[in-house]
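Peer 1:
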RNA sequence: GGGGCGGUAGCUCAAUUGGUUAGAGUACCGGCCUGUCGAGCCGGGUGUUGCGGGUUCGAGUCCCGUCCGCCUCGCCA
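Numbering (this note's numbering), first residue to last: 909 to 1504.
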């Protein structure tokens, strides 16, 4: 093989006269006719124009040159020279070209299913990009993403290594867990009929590392959750996972704030500014989200008490059932938002569980449209509670607290988009703290952890954990940037009594807890330090820095919505003998599925 | 599990109310062209209209089923 002496992004004017060899892919070819062919040769580092010139290139090289097609792989030895014509300002190597002397065609390509060309690759159906990922990844844009991701992990390792964190690997084959997401399971051969689970996160192991005296742990690790994906969610994703001993909440928030602001700064030049801390309650009440986007205002006002006096049925019955009425003032919304748009908002509210989306406009000092005639009696009170001005639109979130808030919160996001309130170049983050410990699950008729079962309550809330768990505030915290949750963590429970109590509140019998988490409860009995930590969603960090809504863009080999890898055609069939060895028989009939 | 959108040439798309031989750009193939750079010009259609049924004189188009992809609700401690 003709060995390269430098990369396609390297040659400069200073190298003219030098004989070099480049290897790479033919990005484009421009055949000018007998005696002159240009190709752009591309590798990860850049592109160089190679010229096959009848006057300077040997006849044989000339002939091969004119037969080249896009994405053929070649090595070319030649002489660097300053271009005759105008330099190409789009290329770093645009002032020079390589005059081909010797060429080796390493591999020709069939007609390509997709072209690795940033000009129109974004138009190509994603199905094709995923099936031929090795071609898609050749695109400069995808190469930039791979590189940025690498820079982020590199920065992360250095940042935490500098601060005494140890990178420790935790197992992939672990025991199934009762709480949380659906586990991927793996059959055991030595104990046929028993199963491993793939980790949803290394949670318990990192806590045990704290008990083991590691003091500070970090890992960039795969997490696996067998749940339906979304645009920003994959079953298989990566976390920057951390845990620290002898810390309180503020210690974790401080060091993680430093990490977040410095990684944005260093890797992308983005200034996150300060990261304010707001309570979950304020976030829900004012923004209708536990991960509010604070790049724009549009806050809510609770008008439950204001509209109580009124007998409008929708409000009255919601309040009667213990619900609330939230109002969002949209300044100037009366004229800028069309009927079609507000109808769309109502659909959004309904999608998130609200009955509808009552609204009124304030025009010439009077309520018009929507529910104006039903709430005329409390007009003055509403105007003053919301500081309404002429031309404002008011949208109401009605229902049980979480439904009223989150449905209006989703509407808030769309309104901001429609009114152009979102500056896409701006990055604003905040910590959401003081989460509740539990939420009540109507279906299962029991408490479920708002964060996870190892989250400690705030020290001052210990009494409530026993007597009034629904009001108990946890030590949990989430870091949200531009309305996206990028990290979440908590101070953990480090004494077995509290841990048992939480399991009990979650409806986990002592026996069950012992079976599933016995080793953790044991560990807590043998000298567990107070500890806490956090996990950053690496994929979402990369998404935000690269400016994409699609998580598949930032994963080299992502899966589709049905968990398929289109390139390698996973999942695949297993060898029947292998299954027999594992004691597994498979029944995929409709009946069998229906029974599950 | 539910809702929505889509599947036509290698790729991106078009095809009137169900009506002649399913078209265009690009890629690809052939030819021309010595300074191009998303080269240009001339010529070439390379097709199981995702798959299986059905209705009809006639289906890319309508109906039923199914598969695949995307968005989404549930789900994601």
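Every residue gets a Cβ at the ideal spot worked out from N, C-alpha and C, and that includes glycine.
Just so you know, these numbers come straight off a predicted model, no measurement behind them.
Closest to residue 1079 by C-alpha separation, out of 948, 1105, 1343, would be which residue?
Peer 2: With distances taken between Cα atoms, residue 1079 lies closest to 1105.
Peer 1: Between which two residues does the alpha helix (DSSP H) containing residue 914 stretch?
Peer 2: Run containing residue 914: none; DSSP gives neither H nor E here.
Peer 1: Can you tell me the Cα-Cα spacing of residue 1162 and residue 1380, whole angstroms?
Peer 2: Going by the C-alpha atoms only, they are around 24 Å apart.
Peer 1: Go through its chain and collect everything with a Cβ distance to residue 923's Cβ below 6 Å, but skip five positions before and after it.
Peer 2: Taken in chain order, the residues that qualify are 988.
Peer 1: On a CA-only basis, which of 1458, 1304, 1354 is nearest residue 1411? Give me that one, please.
Peer 2: The option with the nearest alpha carbon to residue 1411 is 1354.
Peer 1: Please identify the residue among 1239, 1294, 1311 whose C-alpha is closest to the C-alpha of residue 1265.
Peer 2: Here the closest residue by C-alpha is 1311.
Peer 1: Would you mind reading off the limits of the beta strand (DSSP E) that contains residue 947?
Peer 2: Start and end: 944-951.
Peer 1: Skipping 5 residues on each side, what residues in its chain have a beta carbon closer than 8 Å to that of residue 1175?
Peer 2: Excluding sequence neighbours, residue 1175 sits near 1056, 1059, 1060, 1063, 1453.
Peer 1: Beta-carbon separation of residue 1108 and residue 1076 under 8 Å?
Peer 2: No, they are not a contact pair.
Peer 1: For residue 1216 versus residue 1313, is the C-beta distance shorter than 8 Å?
Peer 2: Not in contact: residue 1216 and residue 1313 (Cβ atoms no closer than 8 Å).
Peer 1: If the criterion is Cβ atoms closer than 8 Å, does the pair residue 1010 and residue 910 meet it?
Peer 2: Their beta carbons are under 8 Å apart, which means residue 1010 touches residue 910 by this criterion.
Peer 1: I need the straight-line Cα distance from residue 1385 to residue 1045, nearest angstrom please.
Peer 2: C-alpha separation (whole angstroms): 36 Å.
Peer 1: Would you be able to state if there are at least three C-beta pairs under 8 Å between the region 1114-1128 and the region 1144-1152?
Peer 2: Touching, yes.
Peer 1: What residues in its chain sit with their C-beta under 6 Å from that of residue 914, if we drop five residues either side in the sequence?
Peer 2: Contacts found: 928.
Peer 1: Which word fits residue 1496, buried or exposed, when buried means at least 16 other C-beta atoms lie within 10 angstroms of its C-beta?
Peer 2: It is exposed - the Cβ of residue 1496 has fewer than 16 other Cβ atoms within 10 Å.
Peer 1: The alpha helix (DSSP H) that contains residue 969, what's its start and end?
Peer 2: Element bounds for residue 969: 967-975.
Peer 1: Following the continuous beta strand (DSSP E) through residue 1307, name the residue where it begins and the one where it ends.
Peer 2: Where residue 1307 is concerned, the enclosing beta strand (DSSP E) stretches over 1301-1307.
Peer 1: So, at 8 Å on beta carbons, what are the nonlocal neighbours of residue 1053 in its own chain, with the 5 sequence-adjacent residues on each side left out?
Peer 2: The residues are 1450, 1454, 1461, 1462.
Peer 1: Return the CA-CA distance between residue 1361 and residue 1469, expressed in angstroms with no decimal places.
Peer 2: For residue 1361 and residue 1469, the distance between alpha carbons rounds to 29 Å.
Peer 1: Identify whether residue 1337 lies in helix, strand or coil by the three-state DSSP scheme.
Peer 2: Residue state, collapsed to three classes: strand.
Peer 1: Is residue 1482 helix, strand or coil by DSSP?
Peer 2: If DSSP states are grouped into helix, strand and coil, residue 1482 belongs with coil.
Peer 1: To which residues does DSSP link residue 1520 through a beta bridge?
Peer 2: Outside the displayed span of the chain (909 to 1504) sits residue 1520, for which this structure offers no information.
Peer 1: Residue 968 to residue 945, Cα distance in whole Å?
Peer 2: If I take the Cα positions, the gap works out to 13 Å.
Peer 1: For residue 1501, which of helix, strand or coil comes out of DSSP?
Peer 2: With a pLDDT of 41 at residue 1501, under the threshold of 50, the modelled position of this residue cannot be trusted; read the value that follows with caution. In the structure shown, residue 1501 sits in a helix (DSSP, three-state: H, G or I).
Peer 1: If you follow the alpha helix (DSSP H) that residue 1192 is part of, which residue opens it and which one closes it?
Peer 2: Per DSSP, residue 1192 belongs to the alpha helix (DSSP H) from 1188-1195.
Peer 1: Beta-carbon separation of residue 1433 and residue 1404 under 8 Å?
Peer 2: In this structure, residue 1404 lies closer than 8 Å to residue 1433 by Cβ.
Peer 1: Considering only the alpha carbon of each residue, which of 1481, 1447, 1368 lies closest to residue 1146?
Peer 2: It is 1447 whose Cα lies nearest to the Cα of residue 1146.
Peer 1: What first and last residue would you give for the beta strand (DSSP E) that runs through residue 1009?
Peer 2: Element bounds for residue 1009: 1004-1015.
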